[in-house]
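Notes follow once the structure below has been shown.
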Amino acid sequence: SIGYFNGAFYPIEQIVIPIDERGHQFGDGVYEVIRIYEDAFFMLDEHIQRLFKSAKAIKLKINHSENEMKELIKEVVAKSALSNCDVYIQITRGIAPRNHLFPDAPVSVSMTVKPSKVINDSIRQKGKTAIFHEDERWANCHIKSLNLLPNILAKQAAFEAGCYEAILVKDGFVTEGTSSNVYMITDKTITTTPLSKHILAGITRIAVKEVATELGFQFVEKSFTPDELLEADEVFITSTTNEIMPIVSIDGKSIRNSDSKEQTLTVFKQFMKRVKVLQTS
Ligand code: PLP
């Protein structure tokens, strides 16, 4: 697979980041993950906009315009020669001797392109399990920052409990997953946590909102408790890499329609139609 670091392209395994790079030393940067289906970028503009918003929120000045960044990303992906892949983009405050203060240095831009992990139908039909976990993150989770330690610890706790995702709970309400947004379906209504500084504004979430409306679901952005989630007909999570994934149990408690997952899979099918439309446009 191919990678990019500060102006040059390399095989990923050959990229070495200087020890004084601030992503390495402080996690002083932001990132994005964008999916490419059959050579077509999925919601590229939305990802670019979020990247620039995240950068602005940490006072990081990207010395490319949004269009230049888009072209650079396309160039890296083209060089990879991969048609179904994920591009990871990381922008940090550059390379400078370790000091908390902002350095007078150009930002670093790194990217990697890797084949997408395709989730086959039988895995999606089966769905995934989750745990509830305290949301121990900071006050600015709307920023896609490199600092993911609480997310990593919660995801590992899920894994050690034999589960796939940790659903984070802050002050008695569900925020989101460690790397996903969380939804429940009850009576033809899809409910998800409202956007705020406590969650990341998922790009897949934008698509799900549109798709749900197309299908005649009510789409409600309202906070809910773990108990309310457990009482839903169906529960699912979304992310760029998981797309739409049914959750069949949380903390060992089964979700009502976890056998059929009918509505979630309907939303998924409609979502995939959008992906197919990309291929023909
Ligand atoms: N929430 C968090 C904390 C995430 O890390 C992610 C993505 O990895 C998401 C939500 C889903 O965002 P998207 O749909 O843009 O991938």
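Quick note, my numbering runs 9 ahead of the 1-based positions in the sequence shown. From the three backbone atoms N, C-alpha and C, an ideal C-beta is built for every residue, glycine too.
Selected residue, minimal CA-CA separation from residue i, among the options
{"i": "Glu-24", "options": "Gly-32, Phe-14, Lys-79", "result": "The sequence given here has Ile at residue 24, not Glu. The candidate whose alpha carbon is nearest that of Ile-24 is Phe-14."}
{"i": "Glu-41", "options": "Leu-81, Thr-273, Pro-27, Gln-99", "result": "Gln-99"}
{"i": "Ser-249", "options": "Ile-128, Ile-67, Leu-69", "result": "A small correction: the amino acid at residue 249 is Thr; Ser does not occupy that position in the sequence shown. Nearest C-alpha to Thr-249: Ile-128."}
{"i": "Ile-161", "options": "Ile-176, Val-85, Asn-149", "result": "Ile-176"}
{"i": "Asn-72", "options": "Val-118, Val-96, Gly-12", "result": "Val-118"}
{"i": "Gly-181", "options": "Asp-144, Leu-157, Ala-66, Thr-198", "result": "Asp-144"}
{"i": "Leu-60", "options": "Tyr-46, Glu-75, Asp-48, Phe-50", "result": "Glu-75"}
{"i": "Asp-54", "options": "Asp-29, Lys-83, Tyr-19", "result": "Lys-83"}
{"i": "Asp-95", "options": "Thr-101, Val-86, Ile-28, Asp-130", "result": "Val-86"}
{"i": "Ser-63", "options": "Leu-155, Val-122, Ile-11, Ser-92", "result": "Leu-155"}
{"i": "Asp-113", "options": "Leu-81, Leu-239, Arg-31", "result": "Arg-31"}
{"i": "Glu-252", "options": "Phe-35, Gly-136, Lys-70", "result": "Gly-136"}
{"i": "Ile-140", "options": "Ser-89, Ala-148, Val-178", "result": "Val-178"}
{"i": "Ile-259", "options": "Ala-170, Arg-283, Ser-125, Ala-17", "result": "Ala-170"}
{"i": "Leu-158", "options": "Phe-35, Pro-27, Ala-216", "result": "Phe-35"}
Bridge partner(s) assigned by DSSP for residue i
{"i": "Gln-99", "result": "Tyr-40, Ser-119"}
{"i": "Asn-190", "result": "Thr-247"}
{"i": "Val-229", "result": "Thr-200"}
{"i": "Leu-177", "result": "His-142"}
{"i": "Ser-263", "result": "Ser-258"}
{"i": "Pro-20", "result": "Ile-11"}
{"i": "Ile-253", "result": "Thr-247"}
6 Å CB neighbourhood of residue i in its chain, flanking five on each side removed
{"i": "Met-52", "result": "Ile-212"}
{"i": "Asp-242", "result": "Ile-194, Thr-195, Arg-265, Asn-266"}
{"i": "Leu-204", "result": "Ala-210"}
{"i": "Thr-121", "result": "Gly-12, Ile-21, Tyr-97"}
Exposed unless 16 or more other CB atoms sit within 10 angstroms - verdict on residue i
{"i": "Ile-4", "result": "The question about residue 4 has no answer, for the chain in this structure spans 10 to 290."}
{"i": "Arg-214", "result": "buried"}
{"i": "Phe-168", "result": "exposed"}
{"i": "Lys-270", "result": "buried"}
{"i": "Arg-107", "result": "exposed"}
{"i": "Gln-165", "result": "exposed"}
{"i": "His-109", "result": "exposed"}
{"i": "Gly-103", "result": "buried"}
{"i": "Val-257", "result": "buried"}
{"i": "Gly-261", "result": "exposed"}
{"i": "Gly-16", "result": "exposed"}
{"i": "Pro-255", "result": "buried"}
{"i": "Asn-190", "result": "buried"}
Sequence-distant residues of the same chain with beta carbon closer than 7 Å to residue i, five excluded per side
{"i": "Gln-279", "result": "Val-220, Glu-223, Leu-224"}
{"i": "Pro-235", "result": "Phe-141, Val-178, Val-183"}
{"i": "Tyr-173", "result": "Lys-137, Thr-138, Ala-139, Ala-167"}
{"i": "Lys-153", "result": "Val-39, Tyr-40, Glu-41, Arg-59, Ser-63, Leu-209"}
{"i": "Phe-50", "result": "Ile-43"}
Sequence-distant residues of the same chain with beta carbon closer than 8 Å to residue i, five excluded per side
{"i": "Leu-275", "result": "The sequence shown places Thr at residue 275, not Leu. The residues are Leu-224."}
Worksheet item: Whole alpha helix (DSSP H) runs in the stretch 123-159 with 4 or more residues, listed along the chain?
Response: 130-135
Practice prompt. Could you tell me which uninterrupted alpha helix (DSSP H) segments, each at least 4 residues in length, are contained entirely in the stretch 33-81, listed from first to last along the chain?
Written response: Taking 4 residues as the minimum length, the alpha helix (DSSP H) runs contained wholly in the stretch 33-81 are 53-66, in order along the chain.
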